[in-house]
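Enquirer:
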Ligand SMILES: C[S@@+](CC[C@H](N)C(=O)[O-])C[C@H]1O[C@@H](n2cnc3c(N)ncnc32)[C@H](O)[C@@H]1O
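Residue numbers (the working numbering): 10 to 285.
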């Protein structure tokens with residue numbers, strides 16, 4: 010896929026940021042881990058179970074250090090629904106290695122590379138039906154179609170792709186109340202000065218790329234253009250428990266994060282009529 014110079018610049022910037030903060034961040038940031046356990050995992054399980062079929066493979070696109078895949082595998086094993094094959098993809102070799110170091114993922118197939126270059130035969134050895142996931146990746150991408158187009162190419166009629174990202178309405182609220190700032194401007198220009206000054210979550214600020222993160226309608230259109238239909242949309246908020254109150258009280262979101270859906274899961278399937 011040909012990328013514009015701006016998209017390339019963005020990508021290399023966000024990757025170098027991950028290389029710098031990623032390893033330390035994913036181990037130390039307790040709110041992040043609690044968020045994944047209390048919101049991302051349940052939303053994935055609900056999407057998985059809503060299909061009422063036994064998936065044979067899981068494919069995690071942008072798997073990071075495997076924290077989510079590990080929880081999902083264990084959750085499915087406890088329900089007697091563990092698929093035969095797991096496959097992990099991330100452009101960071103370090104993350105893939107750390108994911109494979111987890112006992113539950115040690116036997117997984119893995120690929121280090123960019124989503125945009127996903128080889129068409131990547132899925133071939135993986136038994137069908139396959140449950141593809143991508144959690145908290147979409148919001149980092151310059152262009153959502155760089156994820157959805159390759160997925161649209163490799164997905165078969167039996168498979169399902171569950172994309173979990175930050176709910177656009179939650180992003181909009183964060184922006185409205187000034188808790189988040191955009192790294193891009195309305196016309197798609199990256200504000201490099203801002204991006205350099207406020208890198209992602211490290212200093213409590215949130216990073217979103219604006220193109221799709223502000224609108225489910227735009228997200229749906231990009232999916233349709235990639236030959237995918239939205240089968241289901243699930244929104245979820247952080248559950249209100251003693252643990253989550255304690256953990257999120259001190260974050261930039263405060264206890265507001267318990268009151269409104271912050272995660273959204275789009276269950277995407279191969280379009281029945283790709284030309285429509
Ligand atoms: C916020 S982390 C999420 C990791 C994991 N899915 C989770 O929920 O814990 C985003 C991950 O996406 C990966 N990533 C971002 N853009 C990518 C791309 N274009 N191709 C492959 N991996 C990508 C990053 O390397 C990083 O590991």
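Here a beta-carbon is modelled for each residue, glycine too, at the ideal position from N, C-alpha and C.
May I ask you to verify whether the segment 172-181 touches the segment 122-135, counting CB pairs closer than 8 Å and requiring at least 3?
Expert: no
Enquirer: Looking at the structure shown, is residue 69 part of a helix, part of a strand, or coil, going by DSSP?
Expert: strand
Enquirer: When DSSP labels each residue in this structure, what does residue 50 get in the three-state scheme?
Expert: Residue state, collapsed to three classes: helix.
Enquirer: Is residue 165 helix, strand or coil when you go by DSSP?
Expert: coil
Enquirer: Using the three-state DSSP reduction, which class does residue 76 fall into: helix, strand or coil?
Expert: helix
Enquirer: So, at 7 Å on beta carbons, what are the nonlocal neighbours of residue 91 in its own chain, with the 5 sequence-adjacent residues on each side left out?
Expert: Taken in chain order, the residues that qualify are 82 and 85.
Enquirer: In chain order, what residues of the same chain have a beta carbon less than 8 Å from the beta carbon of residue 46, not counting five sequence neighbours either side?
Expert: 80
Enquirer: Between the alpha carbons of residue 270 and residue 58, how many angstroms are there, rounded?
Expert: 20 Å
Enquirer: Quick check on DSSP: helix, strand or coil for residue 209?
Expert: Residue placement at residue 209 cannot be trusted, given a pLDDT of 42 that sits under 50; the coordinates are not used to answer.
Enquirer: Within 7 Å: the Cβ of residue 81 and any heavy atom of ligand 1?
Expert: Because no heavy atom of ligand 1 lies under 7 Å away, the Cβ of residue 81 does not count as near it: no.
Enquirer: Have a look at the DSSP bridge pairing and note the partners of residue 94.
Expert: Paired residue(s): 66.
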